[in-house]
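Peer 1: Numbering (mature numbering (1 follows the signal peptide of the UniProt record, and there is no 0)), first residue to last: -17 to -1, 1 to 206.
(1) Quick one: what's got a C-beta closer than 6 Å to residue 50's C-beta in the same chain, skipping five residues either side?
(2) What do you get for residue 65, buried or exposed, if any count of 16 or more other CB atoms within 10 angstroms of its CB means buried?
(3) Can you tell me whether DSSP reads residue 48 as helix, strand or coil?
(4) Quick check: the Cα distance between residue 93 and residue 107, rounded to an integer number of angstroms?
(5) Which whole-angstrom value describes the C-beta separation of residue 114 and residue 142, a residue pair presumed to lie in contact below a C-beta threshold of 8 Å?
(6) Can you tell me whether DSSP reads residue 67 as helix, strand or coil?
(7) If you draw a straight line from the alpha carbon of residue 88 to that of residue 10, how long is it in whole angstroms?
(8) Label residue 41 either buried or exposed according to how many other C-beta atoms from any shown protein chain fall within 10 Å of its C-beta, with 16 as the threshold for buried.
(9) Tell me where the alpha helix (DSSP H) around residue 85 begins and ends.
(10) Please give the ranges of any beta strand (DSSP E) in the region 150 to 199, keeping only runs that are unbroken, at least 3 residues long and fully inside the region.
(11) Tell me the rounded alpha-carbon separation between residue 37 and residue 82.
(12) Can you list, in chain order, the stretches of the alpha helix (DSSP H) that have 4 or more residues and sit fully within the region 110 to 157?
(13) Counting pairs of beta carbons, one from the region 43 to 57 and one from the region 95 to 104, are three or more of them closer than 8 Å?
(14) Once the 5 residues before and after residue 24 are set aside, which same chain residues still bring their CB inside 8 Å of it?
(15) Within this structure, are the beta carbons of residue 47 and residue 195 separated by less than 8 Å?
(16) Tell me residue 21's beta-bridge partners as DSSP assigns them.
(17) Three-state secondary structure (DSSP) at residue 9?
(18) Would you mind stating whether residue 207 and residue 167 have Cβ atoms separated by less than 8 Å?
(19) Under a Cβ-count criterion, where at least 16 other Cβ atoms within 10 Å of its own Cβ denotes burial, should residue 117 be classed as buried or exposed?
(20) Is any heavy atom of the ligand SAH found at a distance shorter than 7 Å from the C-beta of residue 58?
(21) DSSP has residue 39 in a bridge; who is on the other side?
(22) Does the beta-carbon distance from residue 205 to residue 45 come in below 8 Å?
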């Protein structure tokens, strides 16, 4: 009996600790949008750094509640087209952004250059806007995402991979196929319809216009 009480107390404290780690006004996307597909790159090594990023303790996606509500509407409409959203990143702690800054200053670390920035000198990533010392993700209403087939979960062809640093990732990129243009336009139109604005240099990056915390950069971990 004493063991059972101890176990229940432990579980209650664990759940409470997780709830406390999530700031007020934020939600887990998989709780708001059941069945949503994740590929949280910064929690693993398949990213432009090549290792897990500071602050990503678990492959979870967190967003401000109003932005998550709007994203739910996008998902509900996409389901009618046999499509779904796939999330690469959402809320990003400031410590993760600081990790990016430290990495950018290390000129010798080009482990993932061939995959993510083959045509751009690492020294120009800040200048060209691919990395910033303050990220809209840290305000909690920005999300990186793509479209997938609802039956197979296979990604639609967008013409460039997620987090590829180059002109081909721009919304107005020349040289992509009509199918790729159509897929990008579909994602863009759906996101804008439900209150998100695009970022010209990255087809996957959207920010909810009515940001809950437009001037606050959070640093609680993703866990």
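Glycine included, every Cβ here is placed at the ideal spot set by N, Cα and C.
For clarity, every value in this text was computed on a predicted model and none was experimentally measured.
Peer 2: Looking at the atomic coordinates:
(1) 124 and 191
(2) So residue 65 counts as exposed.
(3) Under the three-state reduction of DSSP output, residue 48 falls in the helix class.
(4) 13 Å
(5) Residue 114 to residue 142, Cβ: 21 Å. No contact.
(6) strand
(7) 33 Å
(8) Per the 10 Å Cβ criterion, exposed.
(9) 77 to 88
(10) 179 to 182 and 185 to 191
(11) So the two alpha carbons sit approximately 6 Å from each other.
(12) none
(13) no
(14) 30, 71, 72, 145 and 146
(15) Cβ atoms of residue 47 and residue 195: closer than 8 Å.
(16) 70
(17) It is a strand residue.
(18) Any property of residue 207 remains undetermined from this structure, which presents the chain solely from -17 to 206.
(19) exposed
(20) The ligand SAH is not part of this structure, which contains no ligands at all.
(21) 205
(22) yes
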